[in-house]
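Structure, as structure tokens:
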Amino acid sequence: MINLPDSFSSDRSREIFARSQVLKRSWPFVLDLGVAGLGLACFYGVMQIAKYWFGHPEPEIVISLSPHALPRYAFYSVVRIGLAYVLSLFFAVGYGYVAAYSKRMEAFMIAGLDILQSIPVLSFLPGVMLAMVALFPTRQIGLEMGAIVLIFTGQVWNMAFSFYASIKSIPRELSEASKIYKFSRWQRFIQLELPYSAIGLVWNSMVSVAGGWFFLMACEMFKLGKHDFRLPGLGSYLQTAAGAGNYRAITWGLLTMIAIIVATDQLIWRPVIAWSDKFKFEQVETTARVRSPLLHLFQHSRALRSLKRHTIEPLTEGVYRHLADSRKERLIRQIASDSDAPLGRNKLASWLRVLIVAIAVAAVLYAAWQAVGLLRQVNHGQFGEILKGAMATFLRVNVSLVLAALWTIPVGVAIGFNPKLARIAQPLVQVVASIPAPALFPVILLALIKIGGGLGIGSIVLMMLGTQWYVLFNVIAGAMAIPSDLREVSTLFRFTTIQRWRTVILPGIFPFLITGMVTASGGAWNASIIAEYFSLNNHTYQTVGLGAIISAATDSGEFHILLLATIVMALMVVTINRLVWRPLYRLAETRYKLDG
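Numbers 1 to 596, taken from the UniProt record's numbering, label the letters of the sequence shown in order.
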């Protein structure tokens, strides 16, 4: 051991301390520069998108399979999925909120959600694309908005179910506390309902974006009768490569997509998961928390802290104060005007409601009459084929759900209970879940053909690849939401594995599991349009099923077949939800609701 002079040691210490102080002072400034650079990059991206969208539509877009075209295609696809997600988030929160608190509309809205999530993307395609192109006939934005809305229809439903289920399962003591402190409706929404639903909403957002990647190939390149709609993007690149059997291009496309997914996970989802972990409902705080270096850096940015302190916090306090004052004034006016309320105003409001309902009923009856006119074109043979296909798809959907649940429940609980494992497994799961199964399907299909299988088995595999993640991500969210004190009590009382699963784990994840199974069931029906009808090397493979009928009817422009097959699929999904999933939802809201 070498003994250094005291003067040398103290000088060295002061030098190290001085350097650390310089780094400590300069690092927030570097972070602020990074935030500013990110803002400028976003502004440049918006300018490029606006220039492309508001340009004239190209009559026939040729998709290049060169790897040099991938950065531009990837940028377009990321923008479409991002905008579709933002639209999905606002819709899911608004729809779930109204459905949870409107006793008159709740049953109708949940039934509508059941129907909408069961309708395949291709069934939305004719109306959405024709409407958007008609709105913007001379601009590229028409096709772009159509693709965004189609991606939205593949993302939004599980998020709406998750938010609705979270609001319905808010613990009673939290609701009573908000009433005691006289929270306004907006304050209750911001400080109770959004935070309590944050964990489930975040994980369902991740699986929704993964679902957007799954249906990207169908949304960026599709045919509608004689019309060939296609957009430059990763989805159209992968579909063109799969149709041509160009495995080199498929590999380049998948590598690009994986790079985007990993970057999204590290830059967006990992910080959001770490942020949402603070909203876990528990009395004893656990020391094992999900952490994100990027979130830590943002939280220690001087510019962002200053913005929050001088802008966001005063604005929030001002809004809350204004809402409280308005609520008091509204109560005073209501008490004063109850005795002498003008009858004319009440009658006018009643007549206005009746007029709106009458217009809505007339519009529904007109649409139903037009649909009946289309259905008259269906003959008995076609009706029989649709029923046969419905039974075949029904069996495949249930087999895929059972197989998915067998592995996703234990794996999801393990990931949710172990933050160290979650840091490793969550990015991997996110990447695998986001890889569009149709891009992998050529390899799976060729392998099954070689070993003597076919599309009948391959369709089940593809359904699992597209829907098992709904169950897995919801189970992970449910396991993470189980309070740490309940888990510690089970450890203190030395519960056996079976006792832990029966008394803590399964009751804790039950509401999330039901949400995952419901959305996975709807997703499996939706995935059947790709799983049962696939084009490879200029040859179309198909099997008996409702999804194959819908895909074939879309390609040939047979709208009467498309309409009837969609109605049959929606009726089957709604019937299953009413007989199976709805009673389980009620059980989750009553017996397995987390109350203190």
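Quick reminder that beta carbons are idealized off the backbone N, C-alpha and C, glycines included.
Note that the coordinates shown come from a computational prediction; the quantities given were computed from them, not determined experimentally.
Inset, instruction - State buried or exposed for S350, treating a residue as buried only when at least 16 other CB atoms are found within 10 Å of its CB. - result: The residue is exposed, with fewer than 16 neighbouring Cβ atoms inside 10 Å.
Legend entry - Separation of A363 from A520, as counted between CA atoms: Using only the alpha carbons, I get a separation of about 32 Å.
Inset, instruction - Give the range of the beta strand (DSSP E) segment to which Y541 is assigned. - result: Judged by DSSP secondary structure, Y541 falls within the beta strand (DSSP E) whose first and last residues are 539 to 542.
Legend entry - Straight-line gap, I409 to Q377 (C-alpha atoms, nearest Å): CA-CA distance, I409 to Q377, rounds to 46 Å.
Inset, instruction - Give the range of the alpha helix (DSSP H) segment to which E589 is assigned. - result: E589 -> alpha helix (DSSP H) spans 582 to 590.
Legend entry - Length of the line joining the Cα atoms of R309 and G318: Cα-Cα distance, rounded: 13 Å.
Inset, instruction - Look up R230 in the DSSP assignment and give the residues it is bridged to. - result: M221.
Legend entry - Presumed contact (8 Å Cβ cut-off) between A524 and L401, rounded CB distance: Taking a contact as a CB-CB distance under 8 Å, the pair A524 and L401 counts as one, their CB atoms being some 6 Å apart.
Legend entry - Outcome for R578 when other beta-carbon atoms lying within 10 angstroms are tallied against a minimum of 16: Within 10 angstroms of the beta-carbon of R578 lie fewer than 16 other beta-carbons, which makes it exposed.
Legend entry - Contact under 8 Å by Cβ, Q117 with G466: Going by C-beta atoms, Q117 is not nearer than 8 Å to G466.
Legend entry - Other residues of its chain near I460: CB distance less than 8 Å, five sequence neighbours each side excluded: Close CB contacts of I460 within its chain, under the 8 Å cut and outside five residues either way in sequence, are with R396, V399, S400, L403, A531 (chain order).
Inset, instruction - Could you pull the start and end residues of the alpha helix (DSSP H) that P271 belongs to? - result: Looking at the DSSP string, the run of the alpha helix (DSSP H) that includes P271 is 270 to 276.
Legend entry - Environment of L428 [buried if 16+ CB atoms lie within 10 Å]: It is exposed - the Cβ of L428 has fewer than 16 other Cβ atoms within 10 Å.
Legend entry - For W501 and A341, the rounded distance between their alpha carbons: The predicted position of A341 is uncertain, since its pLDDT is 49 and thus under 50; no value can be drawn from it.
Legend entry - Inter-residue CB distance, V574 and D114 (contact presumed, cutoff 8 Å): Rounded, the Cβ-Cβ distance is 5 Å, consistent with contact.
Legend entry - Run of the alpha helix (DSSP H) containing R80, from where it starts to where it stops: In the DSSP annotation of this structure, the continuous segment of the alpha helix (DSSP H) that includes R80 starts and ends at 70 to 101.
Legend entry - Among F189, S88, I141, Y164, nearest to Q155 - alpha-carbon criterion: Comparing alpha-carbon positions, the option among F189, S88, I141, Y164 lying closest to Q155 turns out to be S88.
Inset, instruction - Check each candidate in G478, L365, R72, I505 and name the one with the smallest Cα separation from S166. - result: When only C-alpha atoms are compared, the closest one is G478.
Inset, instruction - List the endpoints of the continuous alpha helix (DSSP H) containing G456. - result: That run of the alpha helix (DSSP H) goes 455 to 481.
Legend entry - Any 3 or more C-beta pairs closer than 8 Å across the region 191 to 208 and the region 84 to 98: Contact holds between the region 191 to 208 and the region 84 to 98, because three or more Cβ pairs, one in each stretch, are under 8 Å apart.
Inset, instruction - Starting from Y533, follow its DSSP beta bridges and name the residues at the other end. - result: Q542.
Inset, instruction - Could you check if A360 is buried or exposed, using at least 16 other CB atoms within 10 Å of its CB as the buried criterion? - result: Of the other Cβ atoms in all chains shown, fewer than 16 fall within 10 Å of the Cβ of A360; this residue is therefore exposed.
Inset, instruction - Would you give the residue range spanned by the alpha helix (DSSP H) that T408 belongs to? - result: Looking at the DSSP string, the run of the alpha helix (DSSP H) that includes T408 is 380 to 417.
Legend entry - Nearest-angstrom beta carbon gap, A565 and I550 [assumed within contact, 8 Å]: A Cβ-Cβ separation of about 5 Å places I550 in contact with A565 under the 8 Å criterion.
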